[in-house]
Structures are given as C-alpha cells and as structure tokens.
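Take any residue in the sequence shown, note its place counting from 1, add 93, and you have its number in the working numbering. Structure first, commentary second.
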Amino acid sequence: MSVTDSGRTSPGPCSQRATLTLPAREAHVSAARHFTADLLDCWSVPESERDSAVLIVDELTANAARYGRECMTLVLVLDRGALSIVVSDSGTAVEHAPHDVAPDEHGRGTGIVTCLAQSTEIHQTRSGREVRACLRCPA
C-alpha cells in the first residue's frame, strides 16, 4: 500500500489532494473506503457528501479490484467546492457479467456512481482504465 497526501494543490481556500495505491484485490476495497472516509472527515467534508463519496469509492474500487490486473490507484482532490474521485487500474475494457448470473448480482455500480456524481468519465489508457467522478462539495 502506498499513500501520499500532497496537501494544498493551489492557492484556493480548500485545495487538497491525496493518493492511495493498493493491489487490485477485493480484500483491499474496504481499505480504500476507510481511507476515503477518514480523509474526508479530516478535510471537513460535510457528512452527506462524504457518504456519497465513500459509496462512489466503494463501487469504483470494487470494479478496479475485479477487472484490474496488478494495482489500483485512488486519487481524491478537493478544490473550489468540488471533490474529484479518480480510480485507475491496469485492466482492459469492462467485461459484462455472464448470462447465467442473476441481473441483480452485478452491474449496478456504475449506475450508482452516475446517480451520485455530478459528472463521470471513463477513459481507456495505455496502462489500463481510469474512471473519474466529480461531486459538488461545499467544504
């Protein structure tokens, strides 16, 4: 596990940045979730936004753990009333659940993220996949 907290990223009143890198394993999803909750509490993010952010991190890191190959990286940036959550992994395009799996067992994660975030982006990069979600955050 690798953690960096670079503190202020710009002269704004609420600019913070932190990065957490973990093995892309389901066992590490809870560490990302707890890291996010504790960090956003330290950054004085209001509880409702913090809860939404933790759920987004849970869904995105669960996907990264499932489809990533080596590691996953979580980046949190709080700047000018917005919280940016970026999860990247070394996986390829998202695979669809097999047809023999009940539809309520998989596939809700990105829908949850889309509902909670003001914007989302998914990019395939040379080294894997990157998912970005942005929340309004009056911290």
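The beta carbon of each residue, even a glycine, is placed where N, CA and C say it ideally should be. Since the model is a prediction, treat every value here as computed from it, not as a measurement.
Just to confirm the assignment, what range does the beta strand (DSSP E) spanning residue i have?
i: Ser-212; result: 212-217
i: Val-179; result: 175-182
Please report the distance separating the alpha-carbon of residue i from that of residue j.
i: Gln-211; j: Ala-130; result: 19 Å
i: Thr-203; j: Leu-209; result: 10 Å
i: Thr-154; j: Val-168; result: 11 Å
i: Arg-229; j: Glu-163; result: 31 Å
i: Asp-144; j: Ser-220; result: 30 Å
i: Ala-226; j: Asn-156; result: 14 Å
i: Gln-217; j: Glu-223; result: 6 Å
i: Asp-197; j: Gly-174; result: Residue placement at Asp-197 is poorly supported in this model, since its pLDDT is 48, which falls under 50; the coordinates still yield a value, given next. C-alpha separation (whole angstroms): 35 Å.
i: Ile-215; j: Leu-148; result: 17 Å
i: Leu-171; j: Glu-140; result: 15 Å
i: Val-179; j: Ser-137; result: 20 Å
i: Leu-113; j: Thr-166; result: 6 Å
i: Cys-135; j: His-127; result: 12 Å
i: Val-194; j: Ser-177; result: Bear in mind that the predicted position of Val-194 carries a pLDDT of just 47, short of 50, making it unreliable; the figure below should be weighed with that in mind. Distance between the alpha carbons of Val-194 and Ser-177 is about 32 Å.
i: Arg-118; j: Ala-111; result: 20 Å
Provide the residue(s) that pair with residue i in DSSP beta bridges, ordered along the chain.
i: Leu-153; result: DSSP lists no partner for Leu-153.
i: Cys-164; result: Pro-116
Pick helix, strand or coil for residue i, following the three-state DSSP scheme.
i: Cys-230; result: coil
i: Val-224; result: strand
i: Val-206; result: helix
Following the continuous alpha helix (DSSP H) through residue i, name the residue where it begins and the one where it ends.
i: His-121; result: Neither: His-121 is in no alpha helix (DSSP H) and is coded neither H nor E.
Beta-carbon of residue i versus every beta-carbon of chain D: anything under 9 Å?
i: Phe-128; result: Given the protein chain composition of this structure (a single chain), no chain D is represented.
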